[in-house]
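These notes concern the structure reproduced below.
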Amino acid sequence: MALPDLAKKPQRFTGGHRACAGCGFPITIKIILQAAENPVVVGCATGCMEVTSTIYPYTAWRCSFIHTAFENAAATVSGIEAAYRSLRRQGKIQQDIDFIAFGGDGGTYDIGLQSLSGAMERGHKLVYVCYNNQGYMNTGIQRSSATPRGANTTTTPAGTQLPGKPQHPKDLTAIMAAHDIPYAAQASMSHWNDLYRKAKKAFAVDGPAFLNVLSTCRLGWATAPEDTVDAAEGAVQCNVWPLYEVEQGKWKLTFKPKKPLPVADWMKQQGRFKHLFRADNSQLLESIQQQVDENWQRLLERCGE
Amino acid sequence: MAIAIATQKTAALTGNEAAAQALRQINPDVVAAYPITPQTEIVQLFSTFVSDGLVKTEFVAVESEHSAMSATVGAAAAGARAMTATSSQGLALMWEMLYVAAGMRIPIVMPMVNRALSSPINIHCDHSDSMGARDSGWLQIYSENAQEMYDNLIQAVRIAEHPDVLLPVMVTMDGFIISHGMENVELLPDQAVQDFVGEYNFPYPLLDVEHPRTLGPLTLQDFYFEHKREQAEAVYRAKEVILAAAEEYAAISGRRYGFFEAYRMDDAEYAVVVLGSTAGTAKYVVDGLRQAGEKCGLVKVRVFRPFPGPELCEALSGLKAVGIMDRADTFSTQGGPLFLEVKAALYHAAGQPQCMNFVYGLGGRDIDPELIRQAFVEVKDLMKKPADGVLPIVRYLGVRE
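For the protein sequence lines, the chains are A and B, in the order given.
Numbering-wise, our numbering comes out as the position in the first sequence, counting from 1, plus 81.
Numbering-wise, our numbering comes out as the position in the second sequence, counting from 1, plus 8.
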């Protein structure tokens with residue numbers, strides 16, 4: 082798919098929504114929605130995406146859309162998909178329809194993990210997309226289990242004693258792959274073609290699929306609006322956010338940086354890591370780099386590289 | 009048009025079996041449920057119907073009650089008739105989604121088998137689970153026995169899905185006492201139930217992809233209140249729909265229901281008001297007292313939401329004293345939930361009967377005829393007391409103190 086062709090495809094998510102200038106999620110979801118060939122029904126967890134796209138009586142959605150609560154997008158959409166299977170089996174509906182659940186990393190990694198695990202394990206034919214901006218951004222930038230180590234958030238504020246979030250993010254994509262679903266992948270809004278291709282594969286499989294897509298939050302990351310795509314690109318180039326897929330249990334890298342950048346290069350672009358560049362935090366910075374390197378090595382092994 | 013009463017089959021069933029038979033005959037498109045004592049049997053039995061191809065239902069064995077209600081909301085919003093069932097802690101875990109289902113006007117019917125809430129953990133009957141959800145926006149219908157559970161479930165489909173209502177309905181029965189007790193139950197023919205419930209017709213189905221709609225949007229100061237006002241209005245409208253459904257149901261079943269049942273109330277001077285299975289025992293006690301010349305009666309409330317305040321007020325007007333029996337407490341020092349409702353309704357009653365509250369049977373504590381007789385004695389004593397006296401209005405019945 083060439084970018085000009087992608088731009089010509091009809092948009093299911095319109096402009097005029099109320100996301101911040103420079104917000105990452107609209108880019109992410111537009112690409113994913115464009116990859117669906119069939120009509121779609123979208124379910125969405127509570128969060129920025131739902132709040133900014135559906136303020137009554139307006140909606141940015143040209144397709145069927147439902148929001149019910151925060152932790153249950155996967156369960157809600159699994160009910161919709163079950164309804165579809167039932168009505169289709171009864172001959173009451175003939176059309177092919179794709180089902181998508183969107184959640185931020187708060188709604189996916191944390192409060193919605195049980196609901197997501199259940200839906201994946203039951204084998205519903207739906208695509209779950211985590212638009213991962215590495216924190217609870219809608220409620221004002223709190224840490225999630227997807228927030229990088231060292232990040233300044235409002236619940237892990239960088240202070241004189243504690244230098245931001247103490248823990249590394251958990252590896253949710255691997256957790257989803259461990260559900261033995263037909264397709265799980267990690268993607269980034271910066272690599273639109275890779276994301277588009279992965280979304281295509283996710284819609285094509287006969288069963289559940291999971292996409293974990295890095296989507297910049299310019300407020301939470303403290304980046305300039307015009308740097309949104311670059312900030313996500315940096316995470317890929319320094320191996321903080323490797324792009325890979327797990328297809329029928331087979332792990333495969335889909336992008337390998339020619340020469341990985343130091344993590345510090347990516348962090349320097351963002352205000353949330355500013356404190357890590359103080360002399361007293363240099364050891365922490367090194368430790369983060371070490372962890373990223375170890376994770377990358379492990380991923381290379383998993384991918385047979 | 010006269011409708012002939014269908015030839016019914018008598019079967020010996022537990023309350024759970026009767027509920028499962030109602031679900032089979034309603035034949036919903038989707039059931040998403042999770043096991044919990046004492047409701048589990050409904051889900052188990054229904055699963056065998058699915059496995060044996062007796063229903064067209066897509067059964068979703070979810071990983072929690074929160075997901076059960078979420079998936080049921082999703083399925084019903086998609087355009088499928090969807091049901092679930094629960095008890096106690098399961099209902100508590102659904103809490104958030106109960107309000108969502110009602111606020112989104114999703115017409116779900118849910119059998120709810122009453123069981124005490126933790127802590128301490130207890131698996132036996134009281135009404136603390138459904139009473140906690142009494143202001144969630146769900147309609148609530150309480151059943152005295154397995155027959156009523158069966159009948160109420162079938163009627164609830166028509167009530168929930170009526171275009172003037174579009175609200176979820178919880179149909180309850182007492183855990184173990186009814187859910188696991190066996191009785192004779194008259195079952196309608198499958199086709200009669202199918203004809204009665206008709207086709208599911210949610211007005212904004214998500215699967216109508218040609219007419220995309222946004223369900224569950226953010227609604228702020230400018231519209232939220234109007235949505236809630238309309239939701240409240242739907243509950244008012246439900247009253248008429250409940251009675252109309254009962255009339256139609258009587259025509260096919262011969263069994264007639266109202267908001268409540270007034271038992272030997274015609275010339276009663278004092279009475280007791282109850283919910284659920286206790287009514288059966290209380291009727292037996294009333295019969296005995298009547299034989300002894302006592303002018304007493306019983307009111308069994310069937311529909312708790314909407315609460316039939318004016319109708320109950322009329323039924324209780326002219327009495328000298330009323331005892332209201334609650335199988336739940338509100339922990340407010342003001343008595344149980346049924347008491348609060350009935351007392352509020354009685355504010356407008358002619359002569360304002362004296363009233364008092366009996367909280368009883370928590371955690372499945374047995375309520376026997378002797379205890380109910382004791383309640384009647386205390387209510388009768390109340391008649392003698394001055395209307396302006398300060399009375400101990402909340403009594404805990406059958407407990408070691």
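All C-beta atoms in this analysis are idealised placements derived from N, C-alpha and C, irrespective of residue type, glycine included.
* To do: Output yes if chain B places a C-beta closer than 8 Å to the C-beta of Tyr190 of chain A; else output no.
  => no
* Which bits of chain B does Arg143 of chain A rub up against, with CB to CB less than 7 Å? -> Pro220
* To do: Alpha carbon to alpha carbon, how far is Glu255 of chain B from Met9 of chain B? Give it in angstroms, no decimals.
  => For Met9 of chain B, the pLDDT reaches just 45, beneath the cut-off of 50, and the residue's location in the model is therefore unreliable, leaving the point undetermined.
* Asked: Touching or not, the stretch 107-116 of chain B and the stretch 274-292 of chain B, by the rule of three or more beta carbon pairs under 8 Å?
  -> no
* In the structure shown, what three-state DSSP assignment does Phe54 of chain B receive? -> helix
* Asked: By the 10 Å Cβ neighbour count, where 16 or more other Cβ atoms means buried, how is Phe339 of chain B classified, buried or exposed?
  -> exposed
* Asked: When you check each C-beta in the stretch 145-166 of chain A against every C-beta of chain B, which residues fall closer than 9 Å?
  -> Ser145, Phe146, Ile147, His148, Thr149, Ala150, Phe151, Glu152, Asn153, Ala154, Ala155, Ala156, Thr157, Val158, Ser159, Gly160, Ile161, Glu162, Ala163, Ala164, Tyr165, Arg166
* **Minimum C-alpha distance to Ala259 of chain B - residue among B:Ala353, B:Phe204, B:Val39** => B:Phe204
* Under the three-state DSSP convention, the category Phe210 of chain B falls into -> coil
* **Selected residue, minimal CA-CA separation from Asn153 of chain A, among B:Ser95, B:Leu101, B:Ser96, B:Ala93** => B:Leu101
* Asked: Any idea what DSSP makes of Tyr158 of chain B, helix, strand or coil?
  -> helix
* Asked: How would you list, in chain order, the residues of chain A whose beta-carbon sits under 8 Å from the beta-carbon of Glu66 of chain B?
  -> Ala163, Ala164, Arg166, Ser167, Arg170
* Between Asp361 of chain A and Ser368 of chain A, what straight-line distance do the alpha-carbon atoms span, to the nearest angstrom? -> 13 Å
* Can you list the residues of chain A that Glu71 of chain B reaches, using a CB-CB cut of under 9 Å? -> Ala156, Gln195, Ser196, Ser198, Gly199, Ala200, Glu202, Arg203
* Within 10 angstroms of the Cβ of Ser127 of chain B, are there 16 or more other Cβ atoms? Answer buried if so, exposed if not. => exposed
* Identify every residue that forms a DSSP beta bridge with Ser59 of chain B. => Per DSSP, none; premise fails for Ser59 of chain B.
* Asked: Nearest chain B C-beta to Val373 of chain A closer than 8 Å, yes or no?
  -> no
* Any residues in the stretch 98-116 of chain B with a beta carbon nearer than 8 Å to a beta carbon of chain A? Which ones, in chain order? -> Glu104, Met105, Val108, Met112
* **Candidates A:Ala232, A:Ile174, A:Cys384, A:Asp191, of which the one nearest Lys355 of chain A by Cα** => A:Ala232
* Asked: Along chain B, in chain order, which residues have C-beta atoms closer than 9 Å to that of Tyr137 of chain A?
  -> Thr222, Pro225, Leu226, Thr227, Leu228, Asp230, Phe231, Tyr232, His235
* **As assigned by DSSP and simplified to three states, the class of Gly261 of chain A** => Residue 261 of chain A is actually Asp in this sequence, not Gly. DSSP places Asp261 of chain A in coil when its eight states are reduced to three.
* Any idea what DSSP makes of Gly406 of chain B, helix, strand or coil? -> coil
* Per DSSP, which residues does Trp142 of chain A bridge with? Please list them. => A:Phe94
* **For Gly87 of chain B and Pro213 of chain B, the rounded distance between their alpha carbons** => 5 Å
* To do: Give me whichever residues DSSP pairs with His148 of chain A in a beta bridge.
  => A:Cys125
* To do: Taking a Cβ distance cut-off of 8 Å, strictly less, list which residues of the stretch 323-351 of chain A are near chain B, in chain order.
  => none
* Look at the alpha carbon of Arg381 of chain B and the alpha carbon of Leu354 of chain B, and state the distance between them as a whole number of angstroms. => 23 Å
* Tell me whether Phe312 of chain B is buried or exposed, calling it buried when 16 or more other Cβ atoms sit within 10 Å of its Cβ. => buried
* Asked: Should Lys340 of chain A go down as buried or exposed, given a rule of 16 or more other Cβ atoms within 10 Å for buried?
  -> exposed
* To do: Enumerate in chain order the residues of its own chain whose CB-to-CB distance from Val350 of chain B is below 6 Å, with the five nearest sequence positions on each side excluded.
  => Val281, Ile332
* To do: Look up Phe184 of chain B in the DSSP assignment and say whether it is helix, strand or coil.
  => coil
* To do: Excluding the 5 residues preceding and the 5 following Leu98 of chain A in the sequence, name in chain order all residues of the same chain whose CB lies nearer than 7 Å to its CB.
  => It is His, not Leu, that sits at residue 98 of chain A in the sequence shown. Within the same chain, His98 of chain A has close Cβ partners Pro107, Thr133, Ser134, Ala141.
* At least 3 beta-carbon pairs within less than 8 Å: the stretch 218-226 of chain A vs the stretch 325-342 of chain A -> no
* **When A:His260, A:Val123, A:Ile192 are compared against Pro225 of chain B, the one with the closest alpha-carbon** => A:Val123
* Under 8 Å Cβ-Cβ, which residues of chain B neighbour Thr140 of chain A? -> Thr222, Pro225
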